[in-house]
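Novice: Every number in my numbering is 98 more than the matching position in the sequence shown, counting from 1. Every residue gets a Cβ at the ideal spot worked out from N, C-alpha and C, and that includes glycine. Handing you this structure, nothing more for now.
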Amino acid sequence: MDQHHHAVLDRARAEGRLVRLHRTLPGADRLEGFVLGTGPVWTLLATCTDHRLDGWSAVRTTDLRKVRDRGGEEGLTVRALRRRGLWPARPPGADLPLDDLLGLLTAACAEYGLITLHTEHLDPDICRVGTVTGLRPRSLRLHEVDTEARWYPEPTKYRLRDVTRVGLGDHYTSVLREFAGPRPDRDGTEAGSPV
């Protein structure tokens, strides 16, 4: 990502402007929202869909191809959010480090329990929802829940270098968390906290 894009991100963050992020990953979603932070590795966005905030997304900064300004305080989205008492967009409850994926995952799981994990360069149409149960320098273990809020029997291993986006605090994962209940241990009892 070049200096121009960094300047647009910084301006959007400082002025609370709605942006659309285009990424270099073929087939990856274009994300709209409000930039809450940028780091050398990750950029944090308060995700916005249909004039509503819906959690946060951290995307790899190096994957950003284009940053489009979608409007400021005069735009309908900001006016609608302000009327609903949701403006300005707030950061997540946890302090998310944007320079380290391990720290980002640890903080996100500790605060929200379930996260969405995207490996969009492998398959842009799939996200995995779960909680991180183990971290190593090059990999993580994610104990996933399915679309019916049922825990998978075992955690799945993913390479850290494949992670392109992390979502947290959105409506979908909140519903899954509510109905999945605590993560079961191998013997079927309730497991401890994530990571």
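What's the call for H269, buried or exposed, on a 16-neighbour Cβ count within 10 Å?
Specialist: With fewer than 16 other Cβ atoms within 10 Å, it is exposed.
Novice: DSSP on H149, reduced to helix/strand/coil?
Specialist: In the structure shown, H149 sits in coil (DSSP, three-state: anything other than H, G, I, E or B).
Novice: Please determine if the segment 134 to 147 and the segment 186 to 202 are in contact, where contact requires at least 3 C-beta pairs separated by less than 8 Å.
Specialist: The segment 134 to 147, when compared against the segment 186 to 202, does touch it at the 8 Å Cβ threshold.
Novice: Ends of the beta strand (DSSP E) at T256?
Specialist: Reading off the sequence, residue 256 comes out as Tyr, not Thr. Where Y256 is concerned, the enclosing beta strand (DSSP E) stretches over 254 to 257.
Novice: Going by C-alpha distance, which of G232, L202, R158, V176 is nearest A126?
Specialist: Ranking G232, L202, R158, V176 by Cα distance to A126 puts R158 first.
Novice: Is the beta carbon of R257 closer than 8 Å to that of V226?
Specialist: The amino acid occupying residue 226 in the given sequence is Arg; Val does not appear at that position. No.
Novice: In whole angstroms, give me the CA-to-CA distance for C207 and I213.
Specialist: Going from the Cα of C207 to the Cα of I213 covers about 7 Å.
Novice: Starting from L116, trace the alpha helix (DSSP H) both ways and give me its first and last residue.
Specialist: Element bounds for L116: not the alpha helix (DSSP H) but the beta strand (DSSP E), 116 to 121.
Novice: With a cut-off of 8 Å, do at least 3 Cβ pairs link the segment 170 to 182 to the segment 196 to 210?
Specialist: Short answer: they don't touch.
Novice: Determine the contact status of G170 and G267, defining contact as a CB-CB distance below 8 Å.
Specialist: Not closer than 8 Å, so no.
Novice: Leaving out the 5 sequence neighbours to the left and right, which residues in its chain are closer than 7 Å to D161 when beta-carbon positions are compared?
Specialist: These residues qualify, in order along the chain: R121, T122, L123, T262.
Novice: If contacts are defined as beta-carbon pairs under 8 Å, then T147 and L107 qualify, I think. What distance do you get, rounded to the angstrom?
Specialist: Contact doesn't hold; Cβ gap of about 20 Å is too wide.
Novice: Check each candidate in A144, A156, L151 and name the one with the smallest Cα separation from P138.
Specialist: Answer by Cα proximity: A156.
Novice: Are the Cβ atoms of L240 and L200 separated by less than 8 Å?
Specialist: Cβ distance not < 8 Å, so L240 and L200 don't count as in contact.
Novice: According to DSSP, is A110 helix, strand or coil?
Specialist: DSSP places A110 in helix when its eight states are reduced to three.
Novice: For the alpha helix (DSSP H) containing G201, list its first residue and its last residue.
Specialist: Looking at the DSSP string, the run of the alpha helix (DSSP H) that includes G201 is 199 to 210.
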